[in-house]
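Asks:
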Amino acid sequence: MTGPVEQSAVPALELQRLSVRYGSVHALSRVSATVPAGQITCVLGENGSGKSTLVAVLSGLRRHDEGQLLMTGEPVHFRSPQQARAAGIATVWQDLAVAPLLSIWRNFFLGAEPTRGVWPLRRLDVDRAREITVQAMARVGVTGLDPDQPASTLQAGARQSLAIARARHFGVRALVVDEPTAPLTVGQQTLLLQAIVAARSQGLAVLLVTNNPRYAHLVGDRFLLLAHGQVAGKLTREDVDASDLMRLMAGGEEFSALTSALTDLHSELGER
Amino acid sequence: MISDRLPTLGAAPAEMPRGRRLLTRALARPSLPALVGLLVVVAVFGVQAPELLTSGGLASVLDAAALLGIGGVAVALLLIAGQFDLSIGVLAVASSLVTALLIEQAGWDTWPALLVSFGASLLVGLVNGFLVVNTGLPSFLVTLATFLVLQGTSQAGVSALAGSVRVTGVDEAPGWAAADAVFGATVHLGDGRFRVSLLWWLGLTALASWALWRTRFGNAVFASGGARRAARQLGVPVRRTTLTLFCLTAAAGWLIGTLGLVRLDGVQVGAPGLATAVDFIVVAVIGGCLLTGGYGSAVGAAIGALLYAVARQGIALAGWDPPWFQAFLGVLLLVALLANAVVRYRLKAVPRS
């Protein structure tokens, strides 16, 4: 069991005093956290606590203003979502980022299409894209798919599958899941959690952003609590049970109280 | 072919009989209503004005369709990306005016003058695109402003510089013969005179179609119009795509202007009004482009241009009063919009989550 120890020595993703401002408003203020490989780190917080901004920074949509973002110890600065994807961080967006009128395979590769040929004649590698799409969708349990159908024809849950299959294909080092806002059925939730757990067992660093503590506790190894753009607490699975998490979500003050209490008990928590 | 197909409701497509599936596919092509319209119009005017189907009539139809189609294809791409351009028609006049004035008044050679007017057109496109991308203003209003500015400037400028609304005598400039070969060549087949603009139109339509369906740029165009937020999240260069498309419509405007300049050996600045500005959009919408973006095709715009041209020439040849064309165009547009509404309805009917 030396593997996981070495991995946790240099976390796959690390945030060091990361700040993001919109004008004079701090969306994130000096947030430090680690997202180790092979673990699921849950980010919990109310609406407006900075969760979405964190997702935006990790996926390359928004650049951070201060602090550092480290990937396996190397500072990175994503200028575009393409760069983040190229670095191996894939995101399942809250709204799933599916273009309803585009065909399934075009959606799958949108923004990162495989091409062949040199520039003036560089064209989409359509056959390969179709093939990979069908394979990747089959891996998340959607079979018998016509990749040429527009994404709007997908059955309700299959859009989640498309977003997840895409993330699994492109997320070779880290997976960021912004919990879909659309109400999920039990089956869809199972699908999403399955994908998340599968990514963990593949050794990916998983960041699950949610405001559902029960959900988080079901799969999470570590919990990062955000409130008003600041870290309100860092906990591990041993520290809390689901009802603790639920109570912590309810009141912002309780976050810091419990964190300091825990830090007294476990001194190593303070270093995180 | 790819996503220019409507969602099939109910049963999964794989379970459908093959014939029904092909029918569903055909029914869902954006260019289908235009194609049906074209067949109807050809049938009606084939009876009413049989000259339309002679080589002479065909040449006049294709000639009218070519100029409309060049603009229509460019505007179609822009519409698919969810943007509007009203300035393309007036840009055609203004850019050919720049060419003519540079040759006539400043004594330039033909090709440098063409190059400079091309650059000026691209600049207008860049300004349009830059304003739309950076201010978030609706492109309809931005390009309406550009339209007014260009219209006013070209009318006032030509009177001030040339002393009349007509600039002629460009055909003596060095290099004109070569320009005439590229933009004004004709070939006689039967009693019809077919112009090279036809080849430009077909070439551009084929190129645009290929780019739309087979390149990353095309994917970016569709995504920018149909799901801008998703496109941004996935790293599609939405801003760059929009800028490029505005430059493309500006370049199409320049091409239309240059084709006209070479044909007439001069340019006349009239008061075309907003009708010419809307023509290209009408052509693209008849061709099946959704005004809300994300759906449409280049071939559809070409068919739309053909339909438009057949109706106009047919009404003229059948000896009807020309205003009937406007009324007909209005009906056609309404039908196209209704067909588009059906598309949107069917898309909405599919569960989204």
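So the protein sequences, as listed, match chains A and B. Using my numbering, read the first sequence as starting at 22 and increasing by one per residue. Using my numbering, read the second sequence as starting at 468 and increasing by one per residue. Note that the Cβ used here is the ideal one computed from N, Cα and C, for glycine as well.
(1) Considering only C-alpha positions, which residue in the set B:Leu774, B:Tyr812 and B:Ala808 is nearest to B:Ala510?
(2) Straight-line CA distance for A:Val113 to B:Ile537?
(3) In chain order, what residues of the same chain have a beta carbon less than 8 Å from the beta carbon of A:Val26, not counting five sequence neighbours either side?
(4) Looking at the structure shown, is A:Ser29 part of a helix, part of a strand, or coil, going by DSSP?
(5) Can you check which of these residues, A:Glu134, A:Val147, A:Val197 and A:Ile125, is closest to A:Val163 by C-alpha distance?
(6) Please determine if the region 511-520 of chain B and the region 783-798 of chain B are in contact, where contact requires at least 3 C-beta pairs separated by less than 8 Å.
(7) Helix or strand or just coil, what does DSSP make of A:Gln210?
(8) Counting only beta-carbon separations shorter than 8 Å, does B:Gln700 have a partner in chain A?
(9) Is the separation between the beta-carbon of A:Gly241 and that of A:Ile61 shorter than 8 Å?
(10) With distances taken from CA atoms, which of B:Val565, B:Leu593, B:Leu519 and B:Leu758 is nearest B:Phe607?
(11) List the whole-angstrom C-beta distance separating B:Val729 from B:Val634, where the pair is believed to meet the contact cut-off of C-beta under 8 Å.
(12) So, does the CB of A:Asp148 fall closer than 8 Å to a CB anywhere in chain B?
(13) Select from the region 660-693 of chain B all residues with a C-beta closer than 7 Å to any C-beta belonging to chain A, and list them in chain order.
(14) Is there a Cβ from chain A that is less than 8 Å from the Cβ of B:Ala481?
(15) Taking its Cβ as the centre, do 16 or more other Cβ atoms sit within 10 Å of B:Ser563, making it buried, or is it exposed?
(16) Using a Cβ-Cβ cutoff of 8 Å, what residues of the region 738-765 of chain B are near chain A? List them in chain order.
(17) Taking C-beta pairs closer than 7 Å, name the residues in chain D that B:Val703 reaches, listed in chain order.
(18) Taking 8 Å as the cut-off, does the region 177-190 of chain A touch the region 114-122 of chain A (at least 3 CB pairs, one atom from each stretch)?
(19) Shortest alpha-carbon distance to A:Ser101 belongs to which of A:Gly132, A:Leu266 and A:Gly254?
(20) I need the straight-line Cα distance from A:Val207 to B:Leu669, nearest angstrom please.
(21) Among the residues of its own chain, which have a CB less than 6 Å from the CB of B:Gly556, if the five just before and after it don't count?
(22) Pair every Cβ in the region 652-665 of chain B with every Cβ in the region 591-609 of chain B, then say whether three or more of these pairs are closer than 8 Å.
(23) Quick one, which of B:Ala768, B:Val594 and B:Gly630 has its alpha-carbon nearest B:Gly504's?
(24) From B:Gly642 to B:Trp667, what does the alpha carbon distance come to, in whole angstroms?
(25) On a CA-only basis, which of B:Phe792, B:Ser527, B:Ser764 and B:Ala645 is nearest B:Ala501? Give me that one, please.
(26) For B:Phe551 and A:Ala186, I'd like the C-alpha separation in whole angstroms.
(27) Looking at A:Ala216 and A:Arg189, is the spacing between their C-beta atoms short of 8 Å?
(28) So, for B:Gly524: in the same chain, excluding its five sequence neighbours on each side, which residues have a beta-carbon less than 8 Å away from its beta-carbon?
(29) Report the three-state DSSP secondary structure of B:Asp530 (helix, strand or coil).
(30) Taking the DSSP output, what are the residues bridged to B:Gln622?
(31) Does A:Val119 have its Cβ less than 8 Å from a Cβ in chain B?
(32) Between A:Arg83 and chain B, is the shortest Cβ-Cβ distance under 8 Å, so that the two count as touching?
Replies: Short version:
(1) B:Leu774
(2) 41 Å
(3) Since pLDDT at A:Val26 reaches only 43, below the 50 mark, its modelled position is unreliable, and no value is offered.
(4) For A:Ser29, the predicted model reports a pLDDT of 48, less than 50, meaning its position is unreliable; a value from the coordinates is still stated below. Here A:Ser29 sits in helix by DSSP.
(5) A:Ile125
(6) yes
(7) helix
(8) yes
(9) yes
(10) B:Leu758
(11) Going by Cβ atoms, the distance from B:Val729 to B:Val634 rounds to 13 Å, so no, they are not a contact pair.
(12) no
(13) Arg681, Thr682, Arg683, Asn686, Phe689, Ala690 and Gly693
(14) Annotation note: pLDDT 42 at B:Ala481 (below 50); position unreliable, coordinate value reported separately. Taking Cβ atoms only, chain A reaches closer than 8 Å to B:Ala481, which makes this a yes.
(15) buried
(16) Gly761 and Tyr762
(17) Absent from the structure: chain D. Protein chains present are A and B.
(18) yes
(19) A:Gly132
(20) 53 Å
(21) Thr743 and Ala744
(22) no
(23) B:Ala768
(24) 20 Å
(25) B:Ser764
(26) 35 Å
(27) yes
(28) Ala516, Glu518, Gly659, Gln780 and Leu784
(29) helix
(30) Note: B:Gln622 sits in no beta bridge, so no partner.
(31) yes
(32) no
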